[in-house]
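Chemist:
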Amino acid sequence: ILNNIQELPGDALFAIKQRLAEDPRSAKVDLGIGAYRDEDGKPWVLPAVRKAETLIHSDASFNHEYLGIAGLPALTSGAAKVILGDDSSALAEKRVVSAQSLSGTGALHIAAKFIQKFLPGKLLYVSDPTWANHVSIFESQGVKTATYPYWDAATKSLDLEGFIKAIESSPRGSVFLLHACAHNPTGLDPTEAQWEKILSACVKNDIIPLFDSAYQGFASGSLTNDAFAVRLGVKKFAESAPIFICQSFAKNVGMYGERCGCIHLIVPRQESNVNVSTITKAVASQISKITRSEVSNPPAYGAKIVAKILNNAELTEQWHKDMVTMSQRITKMRHSLRDKLLELQTPGNWDHIVNQCGMFSYTGLTKPMVERLEKEHGVYMVASGRASIAGLNEKNVEHVAKAINEVVRH
Ligand code: LMR
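Under full-length UniProt numbering, the residue at position 285 of the sequence shown is numbered 289, and the numbers go up by one with no gaps.
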């Protein structure tokens with residue numbers, strides 16, 4: 005019965021983790037998976053998380069009961085405010101449906117199921133390039149995908165013209181997956197003026213935006229700055245189309261393995277006689293049906309920690325500091341790597357490393373160069389040339405710069 009099942013190659017990103025674990029070299033460097041590392045190259049439990057855990061465990065009523073199907077209300081309401089802003093008119097007008105998900109991937113999965121069921125036949129556009137998992141999440145639910153130009157390899161900058169043309173030539177009502185900030189894999193975000201143009205073109209062409217917000221607070225250290233595109237989109241689409249937001253707390257709370265996230269669907273103001281509350285209730289019930297049939301109810305532990313952080317002023321303040329700590333260290337390492345490449349007079353221009361933001365740099369290194377970096381120097385990154393800058397620290401940056409210099413020259 006099982007004889008015809010073919011073995012698939014392993015996931016490329018997680019395979020890097022595996023090879024790295026098996027590599028006996030002491031000077032190996034992990035620039036693969038997008039997970040924050042501290043100055044010693046170790047995973048970092050945020051001080052805000054430690055404090056939240058202490059509070060949770062000292063609460064005599066703490067238990068491991070099921071959450072409701074839509075998740076922990078203190079999480080979903082706090083999360084909506086984080087992404088939309090305390091003063092959001094969408095929140096004031098009760099046009100937001102929020103549900104807990106298995107981190108950002110789970111939110112994308114719910115969005116994919118929802119689109120497949122209620123917006124059948126819609127094409128979903130992803131940036132070229134995009135996070136490796138996007139296409140498989142949507143295609144596995146029968147949502148067809150296409151790409152829009154994003155990264156201009158020659159100039160290492162945004163192909164804004166190609167992006168806008170793709171919006172204009174897409175079938176009416178298509179869904180565009182937009183990276184809210186800290187674009188994965190390129191680290192290249194549109195400027196505020198470019199977002200204005202992109203989102204205006206989306207409104208004009210009846211696009212449905214789907215924001216993937218996996219790095220809020222990571223790009224600039226500020227939740228508000230990193231929510232610029234989402235909040236502008238919510239304003240611009242208030243009268244026209246729904247907006248999906250898939251929100252992850254894996255990176256900005258450092259809760260990678262706890263799978264804590266949310267999906268928010270913003271319902272536009274209604275001109276017809278179906279009122280907003282009827283629609284939000286219907287949408288919420290359908291999202292609950294998806295969750296119930298797949299995971300029954302979402303995981304509680306990470307949700308309780310994040311909810312504690314979002315609803316306790318002292319912890320929220322600590323969290324904001326923690327995000328600044330992470331984003332500043334990454335920015336510092338970007339400069340350090342660029343400066344060392346300049347000192348070594350490595351052929352090429354390396355300014356893009358400091359101009360990009362968030363966890364990643366799209367270095368421009370070719371696949372053969374990346375292979376040699378791994379084999380000969382123990383420096384691991386994704387075959388596309390994406391490097392997780394969070395893996396750099398004062399102790400290994402010189403080794404990495406010398407390794408890059410060597411593979412670029414020979
Ligand atoms: C990454 O791109 O490295 C992260 O988002 C981890 C993942 O799950 O792919």
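Built from N, CA and C at the ideal position, the CB exists for glycine as well.
Quick one: is Lys-308 buried, meaning 16 or more other Cβ sit within 10 Å of its Cβ, or exposed?
Modeler: buried
Chemist: Any heavy atom of ligand 1 closer than 8 Å to the CB of Asn-137?
Modeler: yes
Chemist: At what residues does the alpha helix (DSSP H) containing Tyr-305 begin and finish?
Modeler: 305 to 315
Chemist: Confirm the yes/no value for this check: CB of Pro-47, any heavy atom of ligand 1, distance under 8 Å.
Modeler: no
Chemist: Taking the continuous beta strand (DSSP E) assigned at Gln-104, which residues delimit it?
Modeler: 100 to 106 is the span of the beta strand (DSSP E), which, as asked, contains Gln-104.
Chemist: Mark Asp-91 as exposed unless 16 or more other C-beta atoms lie within 10 angstroms of its C-beta, in which case mark it buried.
Modeler: It is exposed - the Cβ of Asp-91 has fewer than 16 other Cβ atoms within 10 Å.
Chemist: Give me whichever residues DSSP pairs with Val-280 in a beta bridge.
Modeler: Answer is none; Val-280 lacks a bridge partner.
Chemist: Between Lys-160 and Phe-215, what straight-line distance do the alpha-carbon atoms span, to the nearest angstrom?
Modeler: Cα-Cα distance, rounded: 23 Å.
Chemist: Val-147: which of Ile-114, Ser-276 and Ser-173 sits nearest, CA to CA?
Modeler: Minimum Cα-Cα distance from Val-147 among the listed residues Ile-114, Ser-276 and Ser-173 corresponds to Ile-114.
Chemist: Should Ser-392 be listed as close to ligand 1, given that the test is whether its C-beta is under 8 Å from any heavy atom?
Modeler: Yes, the Cβ of Ser-392 comes within 8 Å of a heavy atom of ligand 1.
Chemist: Would you call Gln-10 buried or exposed, if buried means 16 or more other Cβ atoms sit within 10 Å of its Cβ?
Modeler: It is exposed - the Cβ of Gln-10 has fewer than 16 other Cβ atoms within 10 Å.
Chemist: Pick from Lys-201, Gly-368, Trp-155 and Gln-22: whose alpha carbon is nearest that of Pro-133?
Modeler: Trp-155
Chemist: Grouping DSSP H, G and I as helix and E and B as strand, with all else coil, what is Gln-274?
Modeler: coil
Chemist: Looking at Lys-371: is its Cβ nearer than 9 Å to the Cβ of Ala-391?
Modeler: no
Chemist: DSSP three-state label for Thr-151, please.
Modeler: strand
Chemist: I need the DSSP call for Cys-206, collapsed to helix, strand or coil.
Modeler: helix
Chemist: Do the CB positions of Asp-34 and Gly-395 come within less than 9 Å of each other?
Modeler: yes
Chemist: Can you have a look at Tyr-70 and say buried or exposed, based on whether 16 or more other CB atoms are within 10 angstroms of its CB?
Modeler: exposed
Chemist: Going by beta-carbon coordinates alone, are Val-234 and Ile-119 separated by less than 9 Å?
Modeler: no
Chemist: Over the uninterrupted beta strand (DSSP E) stretch that includes Asn-251, give me the two end residues.
Modeler: In the sequence as displayed, the identity of residue 251 is Gln instead of Asn. Segment 247 to 252, the beta strand (DSSP E) holding Gln-251.
Chemist: What residues match up with Phe-215 in a beta bridge as DSSP calls it?
Modeler: Paired residues: Leu-182 and Ile-249.
Chemist: How would you write the range of the alpha helix (DSSP H) that Ala-52 sits in, first residue to last?
Modeler: 51 to 61
Chemist: What do you reckon, is the C-beta of Pro-189 under 8 Å from a heavy atom of ligand 1?
Modeler: Pro-189 Cβ: within cutoff of ligand 1.
Chemist: Using alpha carbons as the reference points, say which of Ser-365, Lys-21, Leu-181 and Lys-98 lies closest to Cys-250.
Modeler: Leu-181
Chemist: With distance defined between alpha-carbon atoms, name the residue in Leu-12, Gly-75, Lys-46 and Gly-125 nearest to Asn-301.
Modeler: Cα-wise, what sits closest to Asn-301 is Gly-75.
Chemist: Any idea what DSSP makes of Ser-131, helix, strand or coil?
Modeler: Of the three classes helix, strand and coil, the one that applies to Ser-131 here is strand, per DSSP.
Chemist: Output the distance between the C-alpha atoms of Ser-105 and Met-385, rounded to the nearest integer angstrom.
Modeler: 29 Å
Chemist: Express the C-alpha separation of Asn-400 and Arg-41 in angstroms, rounding to a whole number.
Modeler: 12 Å
Chemist: Using the rule of at least 16 other Cβ atoms within 10 Å of the residue's Cβ for burial, across every protein chain shown, is Leu-346 buried or exposed?
Modeler: exposed
Chemist: Following a CB-centred definition, is Ala-387 positioned closer than 8 Å to any heavy atom of ligand 1?
Modeler: no
Chemist: Ala-25 lies in the alpha helix (DSSP H); which residues open and close that run?
Modeler: Counting along the chain, the alpha helix (DSSP H) containing Ala-25 begins and ends at 16 to 26.
Chemist: If we ignore side chains and look at the alpha-carbon of each, how far apart do Trp-354 and Leu-269 end up?
Modeler: Answer to the nearest angstrom: the Cα atoms are 39 Å apart.
Chemist: Between Ile-202 and ligand 1, is the CB less than 8 Å from at least one heavy atom?
Modeler: no
Chemist: Note down the Cα distance separating His-138 from Ala-184, rounded to an integer number of angstroms.
Modeler: 14 Å
Chemist: Could you tell me how far apart the beta carbons of Thr-149 and Leu-162 are, in whole angstroms, since I believe they sit closer than 8 Å?
Modeler: In fact, because the Cβ distance is near 20 Å, the residues do not count as touching under 8 Å.
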